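What follows is a short report on a single structure.
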Amino acid sequence: TSSLFEVLKEQVPLRQEAMKKLKAEHGNKVLGEVTVEQCLGGARDVKCMLWETSLLDAEEGIRFRGFTIPELQKKLPTAVEGGEPLPEGLIWLLLTGEIPTKAQADSLTAEFHARSKLPDHVKAVLCDLPKNMHPMTQFSIAIMAMQTDSIFAHKYQEGIHKSTYWHYLYEDMLNVIARIPEIAATIYRNSYFDECLDMHYDSSVDYAANFARLLGYNDPHFDELMRLYLVIHSDHEGGNASAHTTHLVGSTLADPYLSVAAGLNALAGPLHGLANQEVLGWIMDLDEEFKSKGLEVNEETITKFAWDTLNAGKVIPGYGHAVLRKTDPRYSSQREFALKHMPDDRLFKIVETIYQVMPGILTQHGKTKNPYPNVDSHSGVLLHHYGLTQKNYYTVLFGVSRAMGVLSQLFWDRALGLPLERPKSVTSEWIVNHFKK
Ligand code: CMX
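Counting in UniProt numbering, the final residue of the sequence shown is number 460, and the numbers go up one at a time with none missing.
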């Protein structure tokens, strides 16, 4: 069995060659035009970024290196027979484009365990933070504090040849992914249980199961949920805010720690990853409103609550998407999980009823281009079912997963020598004058 490093070492020169060929053959061809509306409207659908690890189709949803989520569930190695895919397998796939064997996925599990020791000062920083600081702020601070360990940054200061960047990127990437579970779990235990140092690291189990142990869980179903969760939230092509931010910051040759922390800050916005926290809050508010009046949560009451939200000038969290135009397959895979493991859960039933009525309401509202649910619409009720009820923590779990995707691409950014990202901006006056000519 070849190690991940050996596989990548073989691939790097081949992909560098393929990139040269792509540039030579297609470099001066046109990928699309940019309208003024796109310039003013957040660059929707402007094709101007390379992202190798995944591609999003508006109708079909995400493919990771060409594979849909149901395909990954069939093909990637698992911890239990017929169970959810191992995130280690997905990372191997994102990096190499190849489905790993179980032995290869296991070798990556061992590699992460071996690299998992957090620097003492990172733990100390986390334990000192106020417990009411948002968990995403804590997460970002911890990654920044850990930047003292960046091998890429140290080597760059020593003066290295650019052809060797990817070696140090590889080291930092694996170290960050290896250490993130303990950071995330420390944030959880410290914020909600006042147990900063009481961690039960278990290197006899896979990455996701160990993460579950660190959080305080010892339930095979929760392990399966973590495996699925960490796989499906990892990557969603390059234009989303967390991926794009990581890629942009990394393009300055800021090291992976600085780049991922920046990406996490983008993920912490309510229109992006924070929506998972917002969704559970919305469901809880809805439940509270009608329970207190002795009313049932059903299609009728949900419809009323949704219109109140929309008429108050707010968004329905967990619905809509900048690219997708159908139900997010990441939503569907979580729904399947719920149908299998918790079909009678009360909050799951509410989510199901919301799914029945919301596309119709949003269509009637007439604004959103996509009235269907996205990934954040479902994750909260799954976590809540297993007792992880602290909704402000949910985006941290998203971040643990997203780090895998954005770091895999960051590896290739440096291996392929992608340049500093610097699109052209214009003033509104420039646009007006441009069309006067
Ligand atoms: N509820 C109410 N209005 C919505 C809406 C929703 N769920 N989704 C979009 N709209 C509105 C937009 O606010 C916009 O209104 P204005 O014209 O007044 O500005 C209009 O519909 C058109 O928006 P769009 O082109 O359909 O959507 P965008 O590409 O601009 O935005 C997104 C995409 C995700 C930010 C938006 O759908 C949204 O705010 N959804 C709710 C928040 C959410 O679930 N975010 C998580 C996305 C997944 C993730 O990144 O984690």
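Note that the Cβ used here is the ideal one computed from N, Cα and C, for glycine as well. Predicted, not measured: the structure shown is a model, and the values here were computed from it.
| Check | Outcome |
| --- | --- |
| Where Ser-77 sits in the DSSP three-state scheme | strand |
| Per DSSP, cross-strand counterpart(s) of Tyr-342 | Pro-396 |
| Same chain, Cβ closer than 6 Å to Met-72, neighbours up to 5 away in sequence not counted | Gly-261 |
| C-beta atoms of Leu-248 and Pro-204 nearer than 7 Å | no |
| Tyr-342: CB within 6 Å of a non-hydrogen atom of the ligand CMX | yes |
| DSSP three-state assignment for Ile-85, whether helix, strand or coil | strand |
| Any non-hydrogen atom of the ligand CMX within 6 Å of Ala-345 CB | yes |
| 4 or more residues per run - each alpha helix (DSSP H) lying fully within the segment 287-318 | 298-314 |
| Pro-108, DSSP secondary structure in three states | strand |
| Cβ contact check for the segment 157-176 and the segment 275-295: 3 or more pairs under 8 Å | yes |
| Where Thr-124 falls: helix, strand or coil (DSSP) | coil |
| For Lys-459 and Phe-234, the rounded distance between their alpha carbons | 59 Å |
| Three-state secondary structure assigned by DSSP to Thr-391 | coil |
| Per DSSP, cross-strand counterpart(s) of Phe-175 | Partner(s): none; Phe-175 has no beta bridge. |
| Per-residue DSSP class, three states only, for Thr-450 | coil |
| Separation of Asp-151 from His-259, as counted between CA atoms | 34 Å |
| The segment 86-94 in contact with the segment 112-126 per 3-pair CB rule at 8 Å | yes |
| Per-residue DSSP class, three states only, for Thr-101 | strand |
| Buried versus exposed, by CB contacts within 10 Å (16 or more), Phe-28 | exposed |
| Same chain, Cβ closer than 6 Å to Ala-438, five either side skipped, listed in chain order | Val-35, Trp-189 |
| Range covered by the alpha helix (DSSP H) that runs through Asn-233 | 230-238 |
| Continuous alpha helix (DSSP H) stretch holding Phe-216: start and end | 188-216 |
| Beta carbon proximity, Gly-105 to chain B, threshold 7 Å | Although the question refers to chain B, the structure presented lacks it and comprises just one protein chain. |
| First and last residue of the uninterrupted alpha helix (DSSP H) at Ile-325 | 322-334 |
| Proximal residues to Gly-286 (C-beta, below 6 Å), its chain only, five neighbours per side dropped | Ser-265, Thr-268, Thr-269, Val-429 |
| Beta-carbon contacts of Thr-275 that lie in its chain and below 7 Å, excluding the five residues immediately before and after | Leu-443 |
| For Phe-90: DSSP bridge partner residues | Phe-87 |
| Closest Cα partner of Glu-359 within the set Val-346, Ile-325, Val-374, Arg-348 | Val-374 |
| Three-pair Cβ contact test at 8 Å for the segment 334-352 versus the segment 297-315 | yes |
| Contact the segment 313-326 vs the segment 377-385: 3+ CB pairs below 8 Å | yes |
| Integer-rounded CB distance, given that Gly-422 should sit under 8 Å from residue 8 | Examination of residue 8 is not possible in this model, given that the chain is present from 24 through 460 alone. |
| Other residues of its chain near Asp-225: CB distance less than 6 Å, five sequence neighbours each side excluded | Asn-233, Arg-236 |
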